[in-house]
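Chemist: Right, I'll just put the structure down here and ask away after.
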């Protein structure tokens, strides 16, 4: 594996405006979008010897993996847990290659989530199966067979580590496929059974009404339609300390990958919205920005919203039954996209001590659920974000992150119809959160400095993600197999169009490690086309992380600073 960065040519010339590359120089690759997938694509393309340039419409890297500041507080928007934080697995290797964990500590928690009902009765989902089993049996001895079934499966998942994030499916060698089979075959029945059992079916078998509701909310809220498998997989990863929270949080992760990319000689242009992918003779040759400027390259990778790519940047000219099914049929089908969220960040004077639980899902009454604008479920998640990482609040203060699944259309129509009404609904969210927290923690309202609201319309405005979804396609939905074939069979390309690839969660499903791996896959495929050897090595960065590495954080909306985040 290569380790000598001096062998990579630096981008010293500015011939991106020329259709023909300068003789003797490496091939050029343009990436649309500086989210985790776009930055990953840029890093691996640079390591493999290509010249690269990333164009991003926002002023920050990361896409949804971001944060913003207000009055000294840092509001971390994305990461709740990150697969790959422990050494010794392929997911961790990807993050090390991208420099994402350079110099950082990782916070691990003993529990995944706590769920509390309207009467204060609660269940805690510990990552340790023995502790979880004892806790659940104490809560409901009558459910012992079902409880032991779940914890028995969790123990088996703890013994399995499968992270297929290094090699694109179509390029895996016989040895790599054999290694996967050696892991999968002994546990095939376990995988098949837990993948075929919907969580809501499993949960409804509990006699205890709290357990029936709580199991659905292990992932903070009920994603609806998930089987048992992802719950067991992620809790097992957390047990191995492989689903922790990296120091610096979401924007810290993005900044670290950005620094890795820049250190490899890459270039990022911000405030640069791509309006069109230029095509000549069914080959992508460049991009056109909103300001009319054009840039050319030998390969274009779109790492932004998938529907925007197919139907706007390319005018819907390159489709197939598979593409049409994803971006015409399934994208509008209820339950196929991961829901959007409303985020309420609370800046608090003093500490917030929720006990052992860093994250609690509060189950709401129907009446309270109706009071939350656009809510899809009767629940509110409260996370003590200052326990996740340092630097999220000024000294002597702390930050809470309160979220709930919400309807994008509700907020989009509201914002389009009346900005005043839109802001009014955000004030209602802030008032609900204040009242709710005061009821649970008397006296806390007097210590609240501010409440900052981001709606699904905010997510759409700053990332372009269709319907404000932060995770794109919902895993285990009808889109899962279709997207898998787009990555494996179609090699992340569109039919009839050469010199072009797609990367990111709109082709590789949601989750940060999946987004990062699609950048690796895209470069592996394009190296075949460009005649390059795919190369990758771990970053050597070791400077201890500190909050100053986040850089200057501009207002989320420079035209109207309070429009989308103020309360």
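In the working numbering, the protein residues as written are 20 to 586. Cβ atoms here follow ideal geometry from the backbone N, Cα and C, with glycine treated the same way.
#1: How far does the alpha helix (DSSP H) with residue 314 in it extend, from its first residue to its last?
#2: Our contact map puts residue 423 next to residue 400 with C-beta atoms below 8 Å; I'd like the distance itself, whole angstroms only.
#3: For residue 62, tell me which candidate among 273, 379, 563, 374 has the shortest Cα-Cα distance.
#4: Using DSSP with H/G/I as helix, E/B as strand and the rest coil, what is residue 342?
#5: Taking only the alpha-carbon atoms, compute the straight-line gap between residue 569 and residue 281 and give it to the nearest angstrom.
#6: Applying the criterion that 16 or more other CB atoms from any shown protein chain within 10 Å of the CB defines a buried residue, is residue 200 buried or exposed?
#7: For residue 66, I'd like the list of residues in its chain whose CB is within less than 6 Å of its CB, leaving aside the five on either flank, ordered along the chain.
#8: Considering only the beta carbon of each residue, do residue 516 and residue 343 sit closer than 9 Å?
#9: Kindly provide the ranges of any alpha helix (DSSP H) runs that are 4 or more residues long and lie completely inside the segment 86 to 151, ordered along the chain.
#10: How would you write the range of the beta strand (DSSP E) that residue 218 sits in, first residue to last?
#11: Could you check how far apart the C-beta atoms of residue 495 and residue 246 are, in whole angstroms? I think they sit under 8 Å.
#12: Is the Cβ-Cβ distance between residue 572 and residue 270 less than 9 Å?
#13: With a threshold of 8 Å on Cβ separation, who are the neighbours of residue 544 within its own chain once the five nearest residues in sequence on each side are excluded?
#14: Check the C-beta distance from residue 368 over to residue 416 and give it rounded, since I have them as a contact under 8 Å.
#15: If you drop the 5 nearest sequence neighbours on each side, which residues of the same chain put their C-beta closer than 7 Å to that of residue 449?
#16: Could you spell out where the alpha helix (DSSP H) holding residue 458 opens and where it closes?
#17: Considering only residues of the segment 460 to 505, which uninterrupted alpha helix (DSSP H) runs meet the minimum length of 4 residues and lie entirely inside it, listed in chain order?
#18: When DSSP labels each residue in this structure, what does residue 254 get in the three-state scheme?
#19: So which of 389, 542, 138, 228 has the shortest CA-CA distance to residue 159?
#20: At the level of alpha carbons, what is the spacing between residue 402 and residue 375?
#21: Just to confirm, does residue 544 get its C-beta within under 8 Å of one of the non-hydrogen atoms of the ligand HEM?
#22: For residue 226, which of helix, strand or coil comes out of DSSP?
#23: Which same chain residues end up closer than 7 Å to residue 337 when comparing Cβ atoms and leaving out the 5 residues on each side of it in sequence?
#24: Whether or not the segment 253 to 267 and the segment 174 to 187 are in contact is what I'm after, with contact meaning three or more pairs of Cβ atoms, one per stretch, closer than 8 Å; do they touch?
#25: Consult DSSP for residue 406 and reduce its assignment to one of helix, strand or coil.
#26: Inspect the CB distances between the segment 303 to 311 and the segment 140 to 153 and report whether three or more fall short of 8 Å.
#27: Counting along the chain, where does the beta strand (DSSP E) carrying residue 517 start and finish?
#28: Can the beta-carbon of residue 318 be found less than 9 Å from the beta-carbon of residue 47?
#29: DSSP puts residue 359 in a beta bridge; with which residues?
#30: Which class does residue 74 belong to by DSSP, given the choice of helix, strand or coil?
#31: Following the continuous alpha helix (DSSP H) through residue 210, name the residue where it begins and the one where it ends.
#32: Going by other Cβ atoms of all chains shown within 10 Å of its Cβ, with 16 needed for buried, is residue 324 buried or exposed?
#33: In angstroms, rounded to a whole number, what distance separates the CA positions of residue 575 and residue 87?
#34: Using only the alpha-carbon positions, how far apart do residue 122 and residue 220 sit?
#35: Given this structure, state the Cα-to-Cα distance separating residue 395 from residue 184, to the nearest angstrom.
#36: Round the Cβ separation of residue 68 and residue 45 to the nearest angstrom and send it over; I've been treating them as touching at under 8 Å.
Modeler: The relevant details are as follows:
#1: Reading the chain shown from its first residue, position 295 is the one you call residue 314. Careful: residue 314 lies outside any alpha helix (DSSP H), inside the beta strand (DSSP E) at 313 to 315.
#2: As a first step, residue 423 is located in the chain shown; it is residue number 404 there, counting from the start. As a first step, residue 400 is located in the chain shown; it is residue number 381 there, counting from the start. Yes, residue 423 and residue 400 are in contact; Cβ-Cβ is about 7 Å, under 8 Å.
#3: As a first step, residue 62 must be located in the chain shown, where it is residue number 43. Taking each of 273, 379, 563, 374 in turn and checking the Cα distance to residue 62, the smallest one comes out for 273.
#4: On the chain shown, position 323 is the one that residue 342 refers to. Here residue 342 sits in helix by DSSP.
#5: Translated into positions along the chain shown, residue 569 becomes position 550. Translated into positions along the chain shown, residue 281 becomes position 262. Residue 569 and residue 281 have their C-alpha atoms spaced approximately 15 Å apart.
#6: Counted from its first residue, the chain shown places residue 200 at position 181. Exposed: under 16 other Cβ atoms inside 10 Å.
#7: The residue you call residue 66 lines up with position 47 of the chain shown. Cβ within range, chain order: 554, 555.
#8: Along the chain shown, read from residue 1 onward, the residue named residue 516 stands at position 497. Along the chain shown, read from residue 1 onward, the residue named residue 343 stands at position 324. No; because the gap between Cβ atoms is not below 9 Å, this pair is not in contact.
#9: 109 to 116
#10: Walking along the chain shown from the start, residue 218 turns up at place 199. Residue 218: not part of any beta strand (DSSP E); member of the alpha helix (DSSP H) spanning 218 to 222, first to last residue.
#11: Sequence index remark: in the chain shown, residue 495 carries index 476 (1-based). Sequence index remark: in the chain shown, residue 246 carries index 227 (1-based). Yes, they are in contact, since the Cβ atoms of residue 495 and residue 246 sit about 6 Å apart, within 8 Å.
#12: Position 553 of the chain shown, counted from the start, is the residue given in the question as residue 572. Position 251 of the chain shown, counted from the start, is the residue given in the question as residue 270. In contact: residue 572 and residue 270 (Cβ atoms closer than 9 Å).
#13: Within the chain shown, residue 544 is the residue found at index 525, counting from 1. Excluding positions up to five away in sequence, the list reads 187, 189, 190, 510, 511, 512, 520.
#14: Here residue 368 refers to the residue found at position 349 when the chain shown is read from its first residue. Here residue 416 refers to the residue found at position 397 when the chain shown is read from its first residue. That belief holds up - the Cβ atoms of residue 368 and residue 416 are roughly 6 Å apart, short of 8 Å.
#15: As a position in the chain shown, residue 449 is number 430, starting the count at 1. So the qualifying residues of the chain are 363, 470, 472, 586.
#16: The count along the chain shown starts at 1 and reaches residue 458 at position 439. Start and end: 438 to 459.
#17: Taking 4 residues as the minimum length, the alpha helix (DSSP H) runs contained wholly in the segment 460 to 505 are 475 to 482, in order along the chain.
#18: Taking the first residue of the chain shown as 1, we reach residue 254 at position 235. Helix, per DSSP.
#19: On the chain shown, residue 159 is found 140 positions in, with the first residue counted as 1. The option with the nearest alpha carbon to residue 159 is 228.
#20: Here the question's residue 402 lines up with position 383 in the chain shown. Here the question's residue 375 lines up with position 356 in the chain shown. Their backbone Cα atoms lie some 12 Å apart in a straight line.
#21: By its list of ligands, the structure shown contains no ligand whatsoever, and the ligand HEM lies outside what it can speak to.
#22: Within the chain shown, residue 226 is the residue found at index 207, counting from 1. Assigned with DSSP and collapsed to three states, residue 226 falls in coil, not helix or strand.
#23: Mapped onto the chain shown, residue 337 falls at position 318. The answer, listed in chain order, is 513, 514, 515, 516.
#24: The answer is yes - the segment 253 to 267 touches the segment 174 to 187, with three or more Cβ pairs under 8 Å.
#25: Reading the chain shown from its first residue, position 387 is the one you call residue 406. Three-state DSSP puts residue 406 in a helix.
#26: With a cut-off of 8 Å, the segment 140 to 153 and the segment 303 to 311 do not count as touching, because too few Cβ pairs lie within range.
#27: The sequence position of residue 517 within the chain shown is 498, counting from 1. Neither: residue 517 is in no beta strand (DSSP E) and is coded neither H nor E.
#28: Within the chain shown, numbered from 1, the residue matching residue 318 stands at position 299. Within the chain shown, numbered from 1, the residue matching residue 47 stands at position 28. Yes, the pair counts as a contact, with Cβ atoms nearer than the cut-off.
#29: Working through the chain shown from its first residue, we reach residue 359 at position 340. Residue 359 is bridged to 425.
#30: Residue mapping note: residue 74 aligns to position 55 of the chain shown, counting from 1. Residue 74 falls in the strand class under three-state DSSP.
#31: The residue given as residue 210 occupies position 191 in the chain shown. Its alpha helix (DSSP H) spans residues 207 to 215.
#32: Taking the chain shown and counting its residues from 1, the one referred to as residue 324 is at position 305. Label assigned to residue 324: buried.
#33: Here the question's residue 575 lines up with position 556 in the chain shown. Here the question's residue 87 lines up with position 68 in the chain shown. In this prediction, residue 575 scores a pLDDT of 46, lower than 50, which makes its location untrustworthy; the coordinate-derived value is nonetheless stated afterwards. Straight-line Cα distance between these residues: approximately 7 Å.
#34: As a first step, residue 122 must be located in the chain shown, where it is residue number 103. As a first step, residue 220 must be located in the chain shown, where it is residue number 201. So the alpha carbons of these two residues sit roughly 43 Å apart.
#35: One-based indexing of the chain shown puts residue 395 at position 376. One-based indexing of the chain shown puts residue 184 at position 165. The alpha-carbon atoms of residue 395 and residue 184 are separated by roughly 33 Å.
#36: Indexing the chain shown from 1 puts residue 68 at position 49. Indexing the chain shown from 1 puts residue 45 at position 26. Going by Cβ atoms, the distance from residue 68 to residue 45 rounds to 5 Å, so yes, they are a contact pair.
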